[in-house]
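Visitor:
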Amino acid sequence: MINITSARRNKSTTRELNIAPLIDMVFILLIFFIVTTSFVKETGIDVSRPTATTAVSKEDASILIAIDSDNRVFMENQEIDVRAVRANIERALAENPDGAVVVVADRASSTGTAIKVMDGCRRAGAENVSLAADVPGGK
């Protein structure tokens, strides 16, 4: 004869919590936030921008080039030569053909360097080249 009470005692009555759906939900939220986040590329240096009362905010700038007070040119946290601006912009435009170029020049930098950089950007095929400025009384 089968002893039913001993069979019940030997059976484990522990309950387990299935966290697989919770992990799936967390990964879906993570992917959602990664896809919807806009990544901003910084120039890599601190620049004291000049002010302009007619400055307009531009949100779609994807290619940033910085000129510091010593007339050194930076792109994607790396110093580049002024003569290499064209090649770097061509590479950046190959990755993002609709990218707008913004030149962030320090107020102590020379105008000649800014003109050379902007000229290199236009020769690389950039149609939308802007010079960054701060609004007086702004941040």
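Residue numbers are given in the numbering used here: position 81 of the sequence shown equals residue 61, and the series is strictly consecutive. The C-beta atom is built at its ideal place from N, Cα and C for all residues, glycine as well.
Give the list of continuous alpha helix (DSSP H) stretches no shorter than 4 residues that lie fully inside the stretch 33 to 95.
Guide: The qualifying runs are 65 to 75.
Visitor: Taking Cβ positions, are A74 and A85 nearer each other than 7 Å?
Guide: Cβ atoms of A74 and A85: not closer than 7 Å.
Visitor: Look up V15 in the DSSP assignment and say whether it is helix, strand or coil.
Guide: The answer is helix: DSSP assigns V15 an H, G or I state.
Visitor: Should S110 and V82 be called a contact, given that it needs their Cβ atoms to be closer than 7 Å?
Guide: Yes, the Cβ-Cβ distance between S110 and V82 is below 7 Å.
Visitor: Buried or exposed, going by whether 16 or more other CB atoms sit within 10 Å of the CB of M5?
Guide: Counting Cβ neighbours within 10 Å, M5 comes out exposed, since fewer than 16 surround it.
Visitor: What separation, rounded to the nearest whole angstrom, lies between the Cα atoms of E107 and I11?
Guide: So the alpha carbons of these two residues sit roughly 33 Å apart.
Visitor: Quick check: the Cα distance between I(-1) and F13, rounded to an integer number of angstroms?
Guide: Each residue's alpha carbon lies about 21 Å from the other.
Visitor: Quick check on D78: buried or exposed, where buried means 16 or more other Cβ atoms within 10 Å of its Cβ?
Guide: So D78 ends up on the exposed side.
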